[in-house]
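If you count by numbering that gives the first Met the number 0, then the sequence shown holds residues 0 to 183, one letter each, in order.
Note that CB positions come from ideal geometry on N, CA and C, so glycine has one too.
Heads up, the thing below is written out as C-alpha coordinates.
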Amino acid sequence: MSKEIHSHRKDEHLSLALKYWKEGRNHSEFSSALRLVPNGLPEISTEEVDLSLTLFGHQFEFPFYIEAMTGGSKMGNRINLELAEIAASQKLAMAVGSQSIALKYPELAEGFRQVRQHNPQGFIFANIGAGHSLENAQKAVEMLSADALEIHINTGQELVMKDSEGDRSFYWLENINGIAENLG
(Lines of atoms letter the chains of each structure in order from A and count residues from 1; the text may use other names and numbers.)
(Lines give C-alpha, C1' and ligand atoms only; values in the text may rest on other atoms or scores of the structure.)
Protein backbone atom coordinates (compact mmCIF):
# COMPACT_ATOMS: atom_id res chain seq x y z
CA MET A 1 0.00 0.00 0.00
CA SER A 2 1.45 3.38 -0.96
CA LYS A 3 2.08 6.17 1.54
CA GLU A 4 -0.68 8.28 -0.04
CA ILE A 5 -3.25 5.48 0.18
CA HIS A 6 -2.21 4.71 3.77
CA SER A 7 -2.51 8.40 4.79
CA HIS A 8 -5.80 8.69 2.92
CA ARG A 9 -7.11 5.66 4.84
CA LYS A 10 -6.33 7.45 8.11
CA ASP A 11 -8.22 10.56 6.97
CA GLU A 12 -11.08 8.39 5.72
CA HIS A 13 -11.53 6.96 9.23
CA LEU A 14 -11.74 10.49 10.64
CA SER A 15 -14.17 11.62 7.93
CA LEU A 16 -16.47 8.69 8.63
CA ALA A 17 -16.40 9.44 12.34
CA LEU A 18 -17.30 13.07 11.68
CA LYS A 19 -20.01 12.10 9.21
CA TYR A 20 -21.80 9.69 11.52
CA TRP A 21 -21.30 11.43 14.87
CA LYS A 22 -22.80 14.90 14.64
CA GLU A 23 -23.17 17.25 17.57
CA GLY A 24 -26.76 17.57 18.69
CA ARG A 25 -27.70 14.27 17.06
CA ASN A 26 -29.83 11.87 19.06
CA HIS A 27 -27.40 9.11 19.98
CA SER A 28 -30.02 6.92 21.63
CA GLU A 29 -29.26 4.03 19.28
CA PHE A 30 -25.77 3.90 20.79
CA SER A 31 -26.94 4.07 24.37
CA SER A 32 -30.16 2.03 24.17
CA ALA A 33 -28.34 -1.01 25.55
CA LEU A 34 -27.07 1.01 28.51
CA ARG A 35 -29.09 0.80 31.69
CA LEU A 36 -28.21 2.89 34.71
CA VAL A 37 -29.26 1.33 37.98
CA PRO A 38 -30.05 4.06 40.53
CA ASN A 39 -28.74 3.68 44.04
CA GLY A 40 -30.49 6.15 46.31
CA LEU A 41 -28.84 4.78 49.45
CA PRO A 42 -25.19 4.23 48.55
CA GLU A 43 -23.97 4.20 52.18
CA ILE A 44 -20.72 5.94 51.33
CA SER A 45 -19.14 9.38 51.50
CA THR A 46 -17.47 10.95 48.48
CA GLU A 47 -14.39 11.34 50.68
CA GLU A 48 -14.13 7.54 50.74
CA VAL A 49 -14.06 7.23 46.96
CA ASP A 50 -10.62 6.79 45.45
CA LEU A 51 -10.46 6.40 41.68
CA SER A 52 -6.67 6.40 41.52
CA LEU A 53 -4.75 3.38 40.32
CA THR A 54 -1.24 2.22 39.63
CA LEU A 55 -0.57 0.86 36.16
CA PHE A 56 2.88 -0.13 34.88
CA GLY A 57 4.36 1.46 37.99
CA HIS A 58 2.74 4.82 37.24
CA GLN A 59 0.16 6.46 39.51
CA PHE A 60 -2.99 7.79 37.83
CA GLU A 61 -5.70 9.91 39.45
CA PHE A 62 -8.46 8.37 37.32
CA PRO A 63 -8.94 5.01 35.57
CA PHE A 64 -9.35 6.69 32.19
CA TYR A 65 -7.07 7.34 29.26
CA ILE A 66 -7.30 8.69 25.75
CA GLU A 67 -7.50 5.59 23.59
CA ALA A 68 -5.76 5.18 20.24
CA MET A 69 -7.27 7.52 17.68
CA THR A 70 -5.23 8.52 14.68
CA GLY A 71 -1.95 9.73 13.22
CA GLY A 72 0.03 9.51 10.02
CA SER A 73 -1.79 12.24 8.12
CA LYS A 74 -1.90 16.02 8.54
CA MET A 75 -5.39 15.94 10.03
CA GLY A 76 -4.56 12.94 12.21
CA ASN A 77 -1.37 14.54 13.50
CA ARG A 78 -3.21 17.75 14.35
CA ILE A 79 -5.81 15.78 16.32
CA ASN A 80 -3.07 13.82 18.13
CA LEU A 81 -1.37 17.05 19.20
CA GLU A 82 -4.63 18.44 20.56
CA LEU A 83 -5.24 15.18 22.41
CA ALA A 84 -1.68 15.24 23.78
CA GLU A 85 -2.28 18.72 25.19
CA ILE A 86 -5.56 17.59 26.76
CA ALA A 87 -3.84 14.52 28.20
CA ALA A 88 -1.09 16.72 29.65
CA SER A 89 -3.49 19.23 31.20
CA GLN A 90 -5.72 16.51 32.68
CA LYS A 91 -2.89 14.14 33.63
CA LEU A 92 -4.36 11.35 31.51
CA ALA A 93 -2.47 8.61 29.73
CA MET A 94 -2.77 8.60 25.95
CA ALA A 95 -2.39 6.07 23.16
CA VAL A 96 -1.63 7.17 19.62
CA GLY A 97 -3.25 5.51 16.63
CA SER A 98 -1.49 2.76 14.74
CA GLN A 99 2.11 3.62 13.99
CA SER A 100 2.22 1.16 11.08
CA ILE A 101 2.30 4.01 8.59
CA ALA A 102 5.32 5.61 10.28
CA LEU A 103 7.13 2.28 10.47
CA LYS A 104 6.60 1.77 6.75
CA TYR A 105 7.28 5.41 5.83
CA PRO A 106 9.79 6.77 8.40
CA GLU A 107 9.39 10.34 7.12
CA LEU A 108 5.91 10.30 8.74
CA ALA A 109 7.26 9.43 12.20
CA GLU A 110 7.70 13.09 13.14
CA GLY A 111 3.93 13.53 13.42
CA PHE A 112 3.90 10.82 16.08
CA ARG A 113 7.04 12.10 17.84
CA GLN A 114 5.37 15.46 18.37
CA VAL A 115 2.91 13.79 20.74
CA ARG A 116 5.75 13.33 23.24
CA GLN A 117 6.94 16.90 22.62
CA HIS A 118 3.46 18.21 23.50
CA ASN A 119 3.20 15.93 26.54
CA PRO A 120 6.78 15.43 27.78
CA GLN A 121 5.86 14.17 31.26
CA GLY A 122 2.79 12.17 30.23
CA PHE A 123 2.23 8.45 30.06
CA ILE A 124 2.07 7.53 26.38
CA PHE A 125 1.26 4.21 24.74
CA ALA A 126 2.86 3.30 21.42
CA ASN A 127 0.54 1.33 19.13
CA ILE A 128 1.11 -1.37 16.51
CA GLY A 129 -0.94 -4.10 14.89
CA ALA A 130 -0.66 -7.68 16.07
CA GLY A 131 1.25 -8.78 12.98
CA HIS A 132 4.25 -6.52 13.57
CA SER A 133 7.65 -7.87 14.51
CA LEU A 134 9.48 -7.37 17.79
CA GLU A 135 11.81 -5.00 15.91
CA ASN A 136 8.85 -2.85 14.83
CA ALA A 137 7.47 -2.91 18.37
CA GLN A 138 10.80 -1.57 19.63
CA LYS A 139 10.86 1.11 16.92
CA ALA A 140 7.31 2.21 17.77
CA VAL A 141 8.17 2.56 21.47
CA GLU A 142 11.39 4.43 20.66
CA MET A 143 9.59 6.73 18.22
CA LEU A 144 7.50 8.15 21.07
CA SER A 145 9.76 7.43 24.01
CA ALA A 146 6.62 5.55 25.02
CA ASP A 147 5.92 4.22 28.47
CA ALA A 148 4.05 1.15 27.22
CA LEU A 149 3.03 -0.62 24.03
CA GLU A 150 -0.53 -1.26 22.92
CA ILE A 151 -1.08 -4.01 20.33
CA HIS A 152 -4.33 -3.66 18.44
CA ILE A 153 -6.29 -6.50 16.89
CA ASN A 154 -8.60 -5.44 14.06
CA THR A 155 -9.67 -8.69 12.40
CA GLY A 156 -13.04 -7.30 11.33
CA GLN A 157 -11.54 -4.17 9.82
CA GLU A 158 -8.84 -6.16 8.05
CA LEU A 159 -11.47 -8.37 6.43
CA VAL A 160 -13.49 -5.50 4.97
CA MET A 161 -10.46 -3.68 3.57
CA LYS A 162 -9.35 -4.28 0.01
CA ASP A 163 -7.08 -7.31 -0.37
CA SER A 164 -4.11 -5.08 -1.08
CA GLU A 165 -4.66 -3.13 2.16
CA GLY A 166 -5.81 -5.62 4.80
CA ASP A 167 -4.26 -8.70 6.39
CA ARG A 168 -5.75 -12.08 5.55
CA SER A 169 -3.81 -14.24 7.99
CA PHE A 170 -4.60 -13.92 11.68
CA TYR A 171 -2.09 -16.16 13.47
CA TRP A 172 -1.07 -13.51 15.97
CA LEU A 173 -1.02 -15.12 19.40
CA GLU A 174 2.54 -16.46 19.25
CA ASN A 175 3.77 -13.14 17.86
CA ILE A 176 2.03 -11.12 20.59
CA ASN A 177 3.49 -13.42 23.26
CA GLY A 178 6.96 -13.02 21.75
CA ILE A 179 6.69 -9.24 21.82
CA ALA A 180 5.37 -9.26 25.40
CA GLU A 181 8.18 -11.52 26.57
CA ASN A 182 11.03 -9.79 24.76
CA LEU A 183 10.23 -6.09 24.55
CA GLY A 184 12.66 -4.40 26.89
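Nearest-angstrom beta carbon gap, residue j and residue i [assumed within contact, 8 Å]
| i | j | result |
| --- | --- | --- |
| N153 | G177 | N153 to G177, Cβ: 19 Å. No contact. |
| A238 | E149 | Nothing in the structure corresponds to residue 238, since the chain is present only between 0 and 183. |
| S72 | D10 | 5 Å |
| A86 | N118 | 5 Å |
| G110 | A92 | The Cβ separation is near 20 Å, so there is no contact. |
| R112 | M74 | Not confirmed; about 17 Å, so no contact. |
| F61 | L50 | 5 Å |
Span of the alpha helix (DSSP H), counted from its first residue to its last, around residue i
| i | result |
| --- | --- |
| L80 | 73 to 89 |
| Q137 | 133 to 143 |
| I100 | 99 to 103 |
| T154 | 154 to 159 |
| L107 | Neither: L107 is in no alpha helix (DSSP H) and is coded neither H nor E. |
| A164 | This sequence places Glu at residue 164; Ala is not what is there. Where E164 is concerned, there is no enclosing alpha helix (DSSP H), given that its DSSP letter is neither H nor E. |
| I178 | 172 to 181 |
Reduced DSSP secondary structure (H/G/I, E/B, other) of residue i
| i | result |
| --- | --- |
| A125 | strand |
| E66 | coil |
| Q113 | helix |
| I4 | helix |
| E47 | helix |
| L54 | strand |
| A32 | coil |
Best match in the options for proximity to residue i [C-alpha to C-alpha]
| i | options | result |
| --- | --- | --- |
| V95 | A83, M74, S132, S44 | A83 |
| A108 | S31, I65, H117, N76 | N76 |
| H151 | K161, M142, E141, N174 | N174 |
| V159 | S1, R8, E3, K2 | R8 |
| W171 | L133, N79, E47, A32 | L133 |
Limits of the unbroken beta strand (DSSP E) element including residue i
| i | result |
| --- | --- |
| L148 | 147 to 151 |
Quiz item: Is the region 83 to 101 in contact with the region 32 to 40, if contact means three or more CB pairs nearer than 8 Å?
Solution: no
Quiz item: Counting pairs of Cβ atoms below 8 Å between the region 166 to 175 and the region 129 to 142, do you hit three or more?
Solution: yes
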